[in-house]
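Contents: one structure, followed by commentary.
Protein chains: 2
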Amino acid sequence: MSAINRQFRLAARPVGLPKRSDFNLVEDPVPVPGDGEFVVRNAYISLDPAMRGWMNEGKSYVPPVGLGEVMRAYAAGEVVASKHEKFPIGSHVAGVFGVQEYALSNGKGAHLADAKLAPLPVYLSALGMTGMTAYFGLLDVGAAQAGDSVVVSAAAGAVGSLVGQIAKIKGCRVVGIAGGADKCRMLLDDYGFDAAIDYKHDDVKDALKKHCPQGINVYFDNVGGDILDAALSQLALHARVVICGAISQYNSTSGVKGPANYLALLVCRARMQGMVVFDYASRYGEAARDLGIWLAQGKLKSREDIVEGFDTFPETLLKLFRGENMGKLILKV
Amino acid sequence: MSAINRQFRLAARPVGLPKRSDFNLVEDPVPVPGDGEFVVRNAYISLDPAMRGWMNEGKSYVPPVGLGEVMRAYAAGEVVASKHEKFPIGSHVAGVFGVQEYALSNGKGAHLADAKLAPLPVYLSALGMTGMTAYFGLLDVGAAQAGDSVVVSAAAGAVGSLVGQIAKIKGCRVVGIAGGADKCRMLLDDYGFDAAIDYKHDDVKDALKKHCPQGINVYFDNVGGDILDAALSQLALHARVVICGAISQYNSTSGVKGPANYLALLVCRARMQGMVVFDYASRYGEAARDLGIWLAQGKLKSREDIVEGFDTFPETLLKLFRGENMGKLILKV
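Chains as they are written, first to last, in the working numbering: chain A, 1 to 333; chain B, 334 to 666.
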């Protein structure tokens with residue numbers, strides 16, 4: 001075990017897009033576990049749009065990362081030192097381990113990852129928080145039913161690609177919105193979506209009208225902004241709008257753009273509801289079972305976009321906000 | 334029976350606030366009922382913010398009023414000619430009878446009003462669509478429970494004043510938002526609200542923080558705009574936002590202002606849901622029974638702001654948009 005633990009610590013609260021100078025890359029001693037603790041060597045670090053929100057000051061669904069603290073992140077790796085019965089040396093584990101090479105954990109929020117069932121990165125993707133978010137957001141908050149027209153934004157992204165595939169498995173008609181011809185082709189060819197809308201090329205509102213002539217029953221939103229407004233303009237009666245994220249707004253320095261078409265909720269007696277995956281912690285097993293079966297059956301594809309190099313963290317993170325990732329963005333340590 | 338039926342017909346689609354020239358005051362012969370029809374002489378005409386939306390072109394929850402058609406309105410009056418068994422001459426009746434002195438009806442959507450139980454205007458207010466909207470919006474869409482902090486905007490208006498009173502009856506803590514000291518005094522003294530916020534004088538966001546320190550469980554919105562945004566900033570976990578109307582936006586000529594704080598829905602796992610009272614038609618009896626009992630017990634006050642003079646319709650309607658009415662605005666024919 002190296003005696004050095006490299007960590008990205010938050011140095012400043014970003015204004016707009018995060019930049020390298022918003023972090024300090026520091027070297028800390030590798031921690032030593034006390035009783036009931038273990039140390040994991042991170043192999044893969046999950047990069048998520050939500051991380052941008054965690055860098056901001058102010059009340060949210062989790063406390064912000066403090067200045068000087070290790071940047072919060074999901075990660076997966078191998079236990080290299082342990083005084084915790086459930087997590088022996090050599091076991092694989094996933095949890096909120098931060099943007100660092102080694103993490104000390106008491107096991108809270110951590111779970112074992114069976115590397116024989118699926119490669120470790122999948123435990124940050126379809127079998128991790130990403131999969132849980134897609135599963136409960138679509139089926140619980142969105143209450144998607146067979147026959148529904150489901151539209152998802154950031155559809156080639158980590159959550160979006162799973163939402164669309166789960167909706168297909170459940171018998172819905174699925175339309176994905178993504179940026180660029182390559183992503184749209186992937187939605188149709190790899191994920192089996194019924195239609196794809198390239199927001200960089202198509203008029204999203206017109207395309208939604210064309211692809212959802214009876215209106216949208218479930219709109220799963222990851223982006224906010226103009227695309228949310230376009231979807232609102234095409235809701236069906238009693239539609240459900242799932243607010244999972246708003247990546248188009250996270251780096252705005254001029255405030256969030258509210259959905260001007262929100263009165264469609266009244267016209268369509270529709271609901272717009274926010275979700276945070278932690279609320280479903282007691283039901284993760286249920287989702288993991290279904291997702292695992294679908295993966296094993298080949299009905300669900302988990303695609304990871306893995307970038308090597310721990311040092312590249314600040315720049316790699318930006319791929320999310322530039323829409324450069326295909327599937328789940330993961331940093332390989 | 335006068336041989337002349339005066340009617341306000343929509344002459345032009347208003348831009349911004351409606352004006353007299355957007356209507357034609359025409360004289361038509363009083364209609365004669367055929368089999369299964371009756372004629373009502375309107376005594377009271379309900380003036381509602383929703384009427385502004387009905388004047389606009391485009392898809393909504395009801396078709397727009399066509400140019401040249403009698404302006405749509407709820408009204409109550411007396412049957413003066415009838416070939417309809419259920420609605421004999423002399424009976425009192427309420428329904429969508431339009432801004433005119435006499436209306437022909439086949440009974441669809443009309444219901445008898447027992448003038449012995451309540452004065453006729455109350456059938457346009459607490460016992461009419463106004464009461465149904467408040468009842469189902471608060472209890473069904475808002476799912477208000479005893480102990481909840483309920484906030485309502487346009488709280489001195491027709492729907493708002495009922496929402497607050499019903500919430501009090503149900504054991505909620507009620508905060509009303511209204512414009513001006515007189516209205517706020519009325520909320521506290523006449524309707525028994527726990528707190529009143531004068532949006533023309535107070536900082537609404539600060540006041541909500543003060544009056545709802547644990548957050549807002551149910552926000553019943555009649556206004557949209559900045560007040561909706563202020564309420565979103567103070568939601569409690571799992572809050573319900575009922576979108577009943579958006580009077581601050583109806584006459585906007587620069588587009589609707591979307592709620593910039595809508596991501597509070599995510600942070601608070603809250604839902605925002607639109608409602609249209611027609612959806613509850615099969616349950617009107619349930620609401621009318623409760624509302625009638627509360628009125629009889631003196632627990633609920635139905636306040637009508639009655640303006641005399643059929644001819645004043647275009648100008649009287651504007652009282653709604655200027656916030657000049659106290660309680661339900663009604664035009665006496």
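Heads up, the beta-carbon is just placed ideally off N, CA and C, and yes, glycines get one too.
Open item on the list: Quick check: what's the CA-CA separation for B:A569 versus B:D481?
Closed with: 10 angstroms
Task: Those residues which DSSP pairs with A:A44 across a bridge - done: The residue you asked about is not Ala; residue 44 of chain A is Tyr in the sequence shown. In the DSSP output, where bridge partners are listed per residue, A:Y44 has A:A76, A:K332.
Open item on the list: Below 7 angstroms on C-beta distance, what does B:C505 contact in chain A?
Closed with: The CB of B:C505 never comes closer than 7 angstroms to any CB in chain A; the least such distance is about 21 angstroms.
- [ ] Indicate whether the contact test is met: 3 or more Cβ pairs, each with one atom in the stretch 162-171 of chain A and one in the stretch 285-301 of chain A, closer than 8 angstroms.
- [x] yes
Open item on the list: Using CA atoms only, rank isn't needed, just tell me which of A:H201, A:F310, A:L25, A:R52 is closest to A:T253.
Closed with: Closest in alpha carbon position to A:T253, among A:H201, A:F310, A:L25, A:R52, is A:R52.
TODO: Rounded to whole angstroms, what's the CA-CA distance from B:G668 to A:G95? Just pull it up for me.
DONE: Coverage of chain B is limited to positions 334 through 666, which leaves residue 668 of chain B absent and any answer about it impossible.
Open item on the list: For the beta strand (DSSP E) containing B:L570, name the first residue and the last one.
Closed with: Segment 568-576, the beta strand (DSSP E) holding B:L570.
TODO: Output, in sequence order along the chain, the residues in the stretch 250-272 of chain A whose CB is closer than 9 angstroms to any CB in chain B.
DONE: G255, V256, K257, G258, P259, A260, N261, Y262, L263, A264, L265, L266, V267, C268, R269, A270, R271, M272
TODO: Kindly list the residues whose CB is nearer than 7 angstroms to the CB of A:R41, restricted to its own chain and excluding five residues on each side of it in sequence; keep chain order.
DONE: G77, E78, V80, E101, Y102
TODO: State yes or no: is the beta carbon of B:A383 nearer than 7 angstroms to at least one beta carbon in chain A?
DONE: It does not: the Cβ of B:A383 has no partner Cβ on chain A nearer than 7 angstroms.
Open item on the list: Using only CA atoms, which one of A:N251, A:V204, A:C244, A:K257 lies nearest to A:A231?
Closed with: A:V204
Open item on the list: By the three-class DSSP mapping on this structure, what secondary structure does A:P31 have?
Closed with: coil
- [ ] In angstroms with no decimal places, state the Cα-to-Cα distance between B:H571 and A:S60.
- [x] 14 angstroms
Task: Local conformation of B:R622 per DSSP, three classes - done: If DSSP states are grouped into helix, strand and coil, B:R622 belongs with the helices.
- [ ] Tell me, please, whether the CB atom of B:A487 is closer than 7 angstroms to any CB atom in chain A?
- [x] B:A487 has a beta carbon lying at 7 angstroms or more from every beta carbon in chain A.
Task: Residue span of the beta strand (DSSP E) that contains B:E637, given as start and end - done: 637-641
Task: Nearest to A:D194 (by Cα), restricted to the options A:H201, A:V175, A:K210, A:D202 - done: A:V175
Open item on the list: Report the start-end ranges of each alpha helix (DSSP H) in the stretch 186-228 of chain A that is 4 residues or longer and not cut off at the edges.
Closed with: 204-211
Task: Neighbour list for B:A579 in chain A, Cβ cutoff strictly below 7 angstroms - done: L263
Task: Minimum Cβ-Cβ distance from B:S424 to chain A less than 7 angstroms - done: no
Open item on the list: Using only the alpha-carbon positions, how far apart do A:D233 and B:T645 sit?
Closed with: The sequence given here places Ser at residue 233 of chain A; Asp does not occur at that position. Cα-Cα distance, rounded: 36 angstroms.
TODO: Compute the beta-carbon to beta-carbon distance between B:A459 and B:S635, rounded to the nearest angstrom, for a pair I have assumed lies under 8 angstroms.
DONE: 4 angstroms
TODO: Take the Cβ of A:R283 as the centre, count every other Cβ of all protein chains shown within 10 Å, and call the residue buried at 16 or more, exposed below.
DONE: exposed
- [ ] With A:V96 as the anchor, note down where its beta strand (DSSP E) starts and where it stops.
- [x] 92-96 is the span of the beta strand (DSSP E), which, as asked, contains A:V96.
- [ ] State yes or no: is the beta carbon of A:Y61 nearer than 7 angstroms to at least one beta carbon in chain B?
- [x] yes
TODO: Give the secondary structure of A:F87 by DSSP, where H, G and I count as helix, E and B as strand, and everything else as coil.
DONE: coil
Open item on the list: Between B:D280 and chain A, is any beta-carbon pair separated by less than 7 angstroms?
Closed with: In the structure as shown, chain B starts at 334 and stops at 666, and residue 280 of chain B therefore has no counterpart that could be examined.
Task: Whether B:A511 touches B:A489 by CB criterion (7 angstroms) - done: yes
Task: Residues sharing a beta bridge with A:I4, DSSP - done: A:P29
Task: Own chain partners of A:I330 with C-beta closer than 8 angstroms, once the 5 adjacent residues on each side are dropped - done: Y44, I45, S46, L47, P121, L124, S125, E304, D305, I306, V307
Task: Best match in B:V432, B:V426, B:L450 for proximity to B:A443 [C-alpha to C-alpha] - done: B:V426
- [ ] Please confirm if A:I216 has its CB atom under 7 angstroms from at least one CB of chain B.
- [x] No - not a single Cβ of chain B is within 7 angstroms of the one on A:I216.
Task: Partners in chain B for A:M275, counting only beta-carbon separations shorter than 8 angstroms - done: L599, R602, listed in chain order.
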